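Counting along the sequence shown from 1, when you hit position 265 you're at 265 in our numbering, and nothing is skipped either side.
We treat Cβ as the ideally placed atom computed from N, Cα and C, and that holds for glycine.
All of these numbers come straight from a predicted model, not from anything done at the bench.
The structure under discussion appears below in the form of structure tokens.
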Amino acid sequence: MEEDYLKLFVEETSWYNDIVLGSMLPEKWSSALPHFYRGWLRNYIGGTLLYFISGILWCFYIYHLKRNVYVPKDAIPSKKAMLLQVGVAMKSMPWYCALPTISEYMIEHGWTKCYSRISDIGWIPYLYYMIIYLVIVEFGIYWMHRELHDIKPLYKYLHATHHIYNKQNTLSPFAGLAFHPLDGILQAVPHVIALFLIPVHFTTHIALLFIEAIWTANIHDCIHGKLWPVMGAGYHTIHHTTYRHNYGHYTIWMDWMFGTLRDPMEDEAKKI
């Protein structure tokens with residue numbers, strides 16, 4: 001019975017593989033690969049496409065269509081800076097994609113608390129567990145990010161790669177994935193740890209991992225969205241300039257709880 005249920009996960013990942021690889025590669029090429037490597041290749045192609053499509057559209061909108069509306073002309077990052085960010089992200093992308101591939105492997109083999117269909121537990125438990133999942137992710141990413149700053153060797157050899165972009169005219173949506181590969185993986189690990197702690201819907205887990213690419217593009221565009229309690233780009237830009245504040249991911253709550261929150265609106269008020 002358990003083996004039959006685990007097949008549902010394999011069928012779902014195989015379907016994702018067929019959608020992405022079937023439209024990108026000759027069938028004889030992709031079908032020759034073992035299931036695990038097909039999953040990695042699908043994640044790599046999907047992650048790369050998502051990174052470029054979201055980054056290009058975001059930059060076109062804020063730097064061209066809305067020029068001088070959201071970002072002053074002198075604060076627009078140079079093409080050289082953005083190409084450097086793309087280069088760092090592309091070197092790391094193959095390694096980033098190992099994490100969702102490994103998490104899929106563990107799920108398919110029944111090592112986690114993942115479930116396949118929302119109907120297996122119902123909508124109310126789904127939402128309840130989803131909230132817990134997001135709290136675990138928020139807590140885990142906050143402390144992982146904070147320790148990447150506080151533990152000096154981790155900062156020097158890993159996180160400093162990302163913090164060369166430390167002011168408005170060097171930050172861009174393309175900086176969202178411009179990390180040392182191990183740094184990027186460590187900050188995404190809480191998504192995987194949560195799979196062992198609480199029941200998580202498989203499709204939702206995969207979707208949230210890839211939504212990270214869009215979210216990180218958003219928080220590096222230097223535009224303060226002013227949507228409480230979201231940890232938007234206004235907060236994250238402060239993080240890139242002070243290095244000691246706003247370590248949170250989706251919300252400001254962890255920084256508020258642990259005393260590292262710095263509000264961009266208060267900063268603006270002090271300048272007036």
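Item: Which value, in whole angstroms, describes the spacing of the CA atoms of residue 78 and residue 161?; Value: 18 angstroms
Item: Is it the case that the segment 44 to 58 contacts the segment 163 to 180, given that we only count it when at least three CB pairs across the two stretches are under 8 angstroms?; Value: yes
Item: Beta-carbon separation of residue 252 and residue 231 under 8 angstroms?; Value: yes
Item: Give me the Cα-Cα distance between residue 68 and residue 171, rounded to the nearest whole angstrom.; Value: 16 angstroms
Item: Out of curiosity, what's the CA-to-CA distance linking residue 17 and residue 135?; Value: 30 angstroms
Item: Going straight from the alpha carbon of residue 222 to that of residue 87, what length do you get?; Value: 21 angstroms
Item: I believe residue 47 touches residue 93 by the beta-carbon criterion, under 8 angstroms. Please report the beta-carbon distance rounded to the nearest angstrom.; Value: 6 angstroms
Item: State yes or no: is the C-beta of residue 196 within less than 8 angstroms of the C-beta of residue 115?; Value: no
Item: Tell me the residue span of the alpha helix (DSSP H) that contains residue 83.; Value: 79 to 96
Item: Determine the extent of the alpha helix (DSSP H) in which residue 240 is found, giving its start and end residues.; Value: 233 to 242
Item: Nearest CA to the CA of residue 101: which residue from 217, 261, 35 and 117?; Value: 35
Item: Would you be able to state if there are at least three C-beta pairs under 8 angstroms between the segment 139 to 147 and the segment 178 to 194?; Value: yes
Item: Could you have a look at residue 163 and say whether DSSP puts it in helix, strand or coil?; Value: coil
Item: Could you compute how far the alpha carbon of residue 158 sits from the alpha carbon of residue 150?; Value: 12 angstroms
Item: Just the Cα atoms here: how many angstroms apart are residue 254 and residue 120?; Value: 32 angstroms
Item: How about residue 234 and residue 248: do their beta carbons lie closer than 8 angstroms?; Value: no
Item: Using 10 angstroms around the beta-carbon of residue 244, count the other beta-carbons present and answer buried if the total reaches 16, otherwise exposed.; Value: exposed
Item: Do residue 246 and residue 261 have their beta-carbon atoms positioned less than 8 angstroms apart in this structure?; Value: yes
Item: Round the Cβ separation of residue 76 and residue 169 to the nearest angstrom and send it over; I've been treating them as touching at under 8 angstroms.; Value: 7 angstroms
Item: Grab me the residues of residue 6's own chain with a C-beta within less than 8 angstroms of its C-beta, minus the 5 sequence neighbours each way, in chain order.; Value: 108, 109 and 110
Item: According to the neighbour-count rule (16 or more other Cβ atoms, all chains shown, within 10 Å of its Cβ), is residue 117 buried or exposed?; Value: exposed
Item: Name the residue from 105, 99 and 20 whose alpha carbon lies nearest to the alpha carbon of residue 182.; Value: 99
Item: What residues are listed by DSSP as bridge partners for residue 230?; Value: 251
Item: Can you look up residue 145 in the DSSP assignment and give me helix, strand or coil?; Value: helix
Item: Please name the residue or residues paired with residue 115 in a DSSP beta bridge.; Value: 201
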